[in-house]
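Numbering (this note's numbering), first residue to last: 4 to 377.
For every residue, glycine included, the Cβ atom is placed at its ideal position computed from N, Cα and C.
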Amino acid sequence: MRRFGNRALLAPILLAFVIFSPPQGACAIEGDGPQTLHFPEPALLKPNVSFWKQIYTAYGVGDFVLHDRERLAVIYAVVRVADTTDPTRAADLAKPEVQRLRAKYQDILLALAAGVSPEELGPEGRMLWQAWACPCAPEELRRAAGKIRVQQGLREKVVEGMQRAQALLPHIFGILQEHDVPVELAALPLVESTFNANAHSKAGAVGLWQFIRSTGKQYLTITRGRDDRRDPLLATKAAARLLRHNYEALGSWPLAIVAYNHGREGILTAGHRRPVRRPPLWLCLQELLCRVPRRPEGRPALPHRPGSAPRGAHSSATRGERRALRPPPTGRRTRPSGVPGSSGGRGYRAAHRRFPAARGTGTRKTGGKRGSDA
Numbered sequence: 004m005r006r007f008g009n010r011a012l013l014a015p016i017l018l019a020f021v022i023f024s025p026p027q028g029a030c031a032i033e034g035d036g037p038q039t040l041h042f043p044e045p046a047l048l049k050p051n052v053s054f055w056k057q058i059y060t061a062y063g064v065g066d067f068v069l070h071d072r073e074r075l076a077v078i079y080a081v082v083r084v085a086d087t088t089d090p091t092r093a094a095d096l097a098k099p100e101v102q103r104l105r106a107k108y109q110d111i112l113l114a115l116a117a118g119v120s121p122e123e124l125g126p127e128g129r130m131l132w133q134a135w136a137c138p139c140a141p142e143e144l145r146r147a148a149g150k151i152r153v154q155q156g157l158r159e160k161v162v163e164g165m166q167r168a169q170a171l172l173p174h175i176f177g178i179l180q181e182h183d184v185p186v187e188l189a190a191l192p193l194v195e196s197t198f199n200a201n202a203h204s205k206a207g208a209v210g211l212w213q214f215i216r217s218t219g220k221q222y223l224t225i226t227r228g229r230d231d232r233r234d235p236l237l238a239t240k241a242a243a244r245l246l247r248h249n250y251e252a253l254g255s256w257p258l259a260i261v262a263y264n265h266g267r268e269g270i271l272t273a274g275h276r277r278p279v280r281r282p283p284l285w286l287c288l289q290e291l292l293c294r295v296p297r298r299p300e301g302r303p304a305l306p307h308r309p310g311s312a313p314r315g316a317h318s319s320a321t322r323g324e325r326r327a328l329r330p331p332p333t334g335r336r337t338r339p340s341g342v343p344g345s346s347g348g349r350g351y352r353a354a355h356r357r358f359p360a361a362r363g364t365g366t367r368k369t370g371g372k373r374g375s376d377a
């Protein structure tokens, strides 16, 4: 399932599949009933949570944060580029400076590991010495030299997602409550798709909740002509069912969310033998959703759910006008039947002639005209 950022690097020291919930009384996603703490806030995760909040709210597309891959609170430098709002262009502009700084801090860490005094390495040497709470094991510093990564700011993506969320959240809240799923999990689509119902990933995940095809087919209709993963309400109902099933199998909402992205069977197999190193990214975003107002009247029905009305119902053009604008057909298109060319020594054509009633089954016309209302 698609995520923005690199979720594999989030809070790698998750020890008990523990996730936090929004501060008491601070969030609007509490639902209508009393709020229960399904997700306790461990002190161990606070530095990592703080890091991602900065990435989502303080750092934009032109900011590139060099930090430790595991201890996210260890930030080495921030590279900033201006005059562009395109993420790819910004990354290209920042690349030379990012590479220079990465090499610089790698050299400093290796020098500290070799026993060089931080005073000899200047302000950067002293900063790294303090950041790693040295004196520390040389091996730890050598490992740190290989764990410097770069995270681009995501503020603009979060803003876009929050704008889309305003229309969707009241419906998502209601669906989650109907399935007895904590409403805190309404934050999941913000990281999965930034609330974009048409989002798709390179791995084939589609829609608001980023279902891959194999998982989606267990809960939704997915065919050549229809993909319910793109329907925000149907996809939300499917996600609620999946999360509920995970919870019933695993007995923990934090585990249910880990299984949402890593598979229920894998979590059941792993049991509690070792910690999961990749907790859900959504845990850093719940406080952002607190700023999205809920409709006090509750959850009004949408006038038209995508796919619930003919395509022509969404157009002001008459049926005749649409027919006049329809492009002409490009000719017959046929598809092979897949019947072998011979059977038992007799050619297929000869066998076909022996059964007149079967004629016409060798090829199949594609149904409907392009652009038709059918």
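query	result
Out of Ile260, Ala148, Phe176, Leu237, point me to the one whose CA is closest to glutamine 109's CA.	Ala148
Could you say if the segment 88-99 and the segment 50-68 meet the contact criterion of at least three C-beta pairs nearer than 8 Å?	yes
Hey, which unbroken runs of the alpha helix (DSSP H) at 4 residues or more fall wholly within the segment 180-204?	191-195
In terms of residue numbering, what span does the alpha helix (DSSP H) encompassing aspartate 110 cover?	90-116
Using beta-carbon positions only, say whether leucine 144 and alanine 106 come within less than 7 Å of one another.	no
DSSP state of aspartate 231, grouped into three classes?	helix
Can you round the beta-carbon distance between arginine 129 and proline 141 to whole angstroms, since I take them to be within the 8 Å contact cut?	That belief does not hold up - the Cβ atoms of arginine 129 and proline 141 are roughly 18 Å apart, past 8 Å.
Under a Cβ-count criterion, where at least 16 other Cβ atoms within 10 Å of its own Cβ denotes burial, should arginine 232 be classed as buried or exposed?	buried
With contact counted as at least three CB pairs below 8 Å, one residue from each stretch, are the segment 211-228 and the segment 152-160 in contact?	no
Report yes if the CB atom of lysine 150 is closer than 7 Å to the CB atom of aspartate 95, and no otherwise.	no
Could you tell me the boundaries of the beta strand (DSSP E) in which tyrosine 79 lies?	78-83
For the alpha helix (DSSP H) containing histidine 265, name the first residue and the last one.	256-265
Cα separation between leucine 211 and leucine 171?	10 Å
Looking at the unbroken alpha helix (DSSP H) that takes in phenylalanine 54, where does it start and where does it end?	49-60
Compare the Cα-Cα distances from leucine 104 to each of Asn51, Glu123, Ile78, Ser217 and report the closest residue.	Ile78
Start and end of the alpha helix (DSSP H) containing glutamine 378?	No information on residue 378 is available, as it lies outside the stretch 4 to 377 that the chain covers here.
Assign arginine 373 to one of two classes, buried (16 or more other C-beta atoms within 10 Å of its C-beta) or exposed (fewer than that).	Low confidence applies here, because arginine 373 scores a pLDDT of 36, under 50, leaving its location unreliable; read the following figure in that light. By the neighbour-count rule (16 or more Cβ atoms within 10 Å), arginine 373 is not buried but exposed.
Of all the options Thr218, Gln180, Ile175, which has the alpha carbon lying nearest to the alpha carbon of alanine 200?	Ile175
Considering Cα atoms alone, identify which of Gln166, Pro235, Arg267 is closest to asparagine 249.	Arg267
The beta strand (DSSP E) that contains arginine 152, what's its start and end?	151-155
Pick helix, strand or coil for valine 64, following the three-state DSSP scheme.	coil
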